[in-house]
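*Asks:*
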Amino acid sequence: MFEKAIKELEEVVNKLESGEASLSESLELFEKGIKLAGDCNKMLDEAEKKVSVLIGGEKKDFDEE
1493 MFEKAIKELE EVVNKLESGE ASLSESLELF EKGIKLAGDC NKMLDEAEKK VSVLIGGEKK
1553 DFDEE
């Protein structure tokens, strides 16, 4: 899931950097990129929590927010 989102984010960035998209397409791509970046950050945060628990750090439930 994370790898798929990162790949999709890279594709969005490449399209934006190419400068070939119209203004409206660029705005849509930017919005999609922001969402993908947020999703990736959330997945990384969850992974970090799990690693912390596994190495004896925090003793919290993984689903707590």
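The numbering of the sequence shown is the working numbering, which starts it at 1493 and goes up by one. Backbone N, C-alpha and C fix where the C-beta goes; we use that ideal spot for every residue, glycine too.
Please return the same chain residues whose Cβ sits closer than 7 Å to the Cβ of A1513, not counting the five positions on each side in sequence.
*Replies:* For this step, residue 1513 is matched to residue 21 along the sequence shown. Within the same chain, A1513 has close Cβ partners K1507 and L1521.
*Asks:* Beta-carbon separation of E1502 and L1528 under 7 Å?
*Replies:* As a first step, residue 1502 must be located in the sequence shown, where it is residue number 10. As a first step, residue 1528 must be located in the sequence shown, where it is residue number 36. For E1502 and L1528, no; Cβs fall outside 7 Å.
*Asks:* Who are the Cβ neighbours of S1516 in its own chain at under 6 Å, not counting the five residues just before and after it?
*Replies:* By one-based count along the sequence shown, residue 1516 stands at place 24. Nothing meets the Cβ criterion.
*Asks:* Give a yes or no on whether the C-beta atoms belonging to V1504 and G1525 are separated by under 7 Å.
*Replies:* Indexing the sequence shown from 1 puts residue 1504 at position 12. Indexing the sequence shown from 1 puts residue 1525 at position 33. The answer is yes: Cβ separation under 7 Å.
*Asks:* I'd like the list of long-range same chain contacts for E1523, defined as Cβ closer than 7 Å, with 5 residues on each side in sequence excluded.
*Replies:* Position 31 of the sequence shown, counted from the start, is the residue given in the question as residue 1523. There are no such residues.
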